[in-house]
Amino acid sequence: MSASTTPFVVSPGAATRDAFGIALRDLGHSEPRIVVVDGDVANSTRTEWFGQVFPDRFFNVGIAESNMVGVAAGLAASGKIPVVSSFAAFLLCNAYDQLRMSVAFPHLNVKVVGTHAGISIGEDGPSQMAIEDFALACSLPGFTVIVPSDEAHTHAAVRAMIAHEGPVYLRLGRPKAPRIHEAGSSLEIGKAYQLRDGSDLTIVACGLMTAAALEAHDALAAKGIHARVLDFPTIRPLDVDALVRASRDTGHILVAEEHLAHGGLGSVVAMAVGSHHPCKLGYVNLGN
């Protein structure tokens, strides 16, 4: 997607969890190795849509996230492409040891999908919110970490995730996500997408914060401040080249994310910028 010069108008699209459910169901027809392992939340994660079409490839193991990951690892070892899905807080936090020992270290082809991430489900309370999942996923050896910003990029992310050989963590949200990318857009793992150009600073964002970054761009433009906006759907591997260009061209980078201050997008951006082309950094996150 090329950088636009028109003001950003919020146009609600589907929730990323809904786009995931549709994309996964559709891919099931062309990729018979896909199987789904669920933790009794298929209605919420939208994996039930896959199960309705492919009941023999859908496994509900109950509220047992650690066991669920073990089952997925076994399926991957037998040549399947298991998609294991639950709320991100349950899956990453409760089953971290199994993700580490059964998936990451043997580098099995398991796709881990965490929904209801971030603080947008605030009324459900902190037990439901994943606000440290970037840090957990990025610490798992060999894991690719993807955080799509809208419906179109989620469809593309699911296709890229299934095509990728190796473990993947896909982070999704519950609320409807504003449309940012055109329908049918592609998503390349490891690539950032420049949505707006500017020379005064760069706003780096991912997930639901990408729409907020575009709104910030327009508010700053009204004050004569020209911001570049980069959407980073892949946290790991990171598009270091895009960050180096941003640092060199604008001299200031502001990172916006729905995550704790430590271990998230801001941390990996700081490591990359500090190693390759230092500049002034700022952060908008959930603090500590």
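Residues 0 to 287 (numbering that gives the first Met the number 0) are what the sequence shown spells out, left to right. Note that CB positions come from ideal geometry on N, CA and C, so glycine has one too. All values reported here derive from a predicted model rather than from experimental measurement.
Around the beta carbon of Asp-240, fewer than 16 other beta carbons lie within 10 angstroms, which makes this residue exposed. DSSP places Ser-148 outside both helix and strand once states are collapsed to three, so it counts as coil. Secondary structure of Phe-104 (DSSP, three-state): coil.
Taking C-alpha positions only, Leu-259 is separated from Ile-118 by approximately 11 Å. Here Ala-18 is near Glu-150, since their CB atoms are less than 8 Å apart. Around the beta-carbon of Thr-5, fewer than 16 other beta-carbon atoms lie within 10 Å, marking it exposed.
For Ala-212, same chain residues with a beta-carbon under 7 Å away, outside a window of 5 residues either side, are Ile-202, Ala-204, Val-228, Ala-255 in chain order. Non-local C-beta neighbours of Ser-101 in its own chain, meaning closer than 7 Å and more than five positions away in sequence, comprise Val-68, Gly-69, Ala-72, ordered along the chain. With 16 or more neighbouring CB atoms inside 10 Å of its own CB, Met-160 falls in the buried class. Secondary structure at Ser-84: strand, using DSSP grouped into helix, strand and coil. In terms of Cα proximity to Leu-23, the closest of Val-9, Asp-39, Thr-44 is Thr-44. In this model, Pro-236 and Thr-143 are separated by some 6 Å (Cα to Cα). Per the C-alpha coordinates, the member of Lys-110, Glu-181, Asp-55 positioned closest to Ser-10 is Glu-181. In the DSSP assignment, Ala-226 forms a beta bridge with Leu-200. Under the three-state reduction of DSSP output, Asp-37 falls in the strand class.
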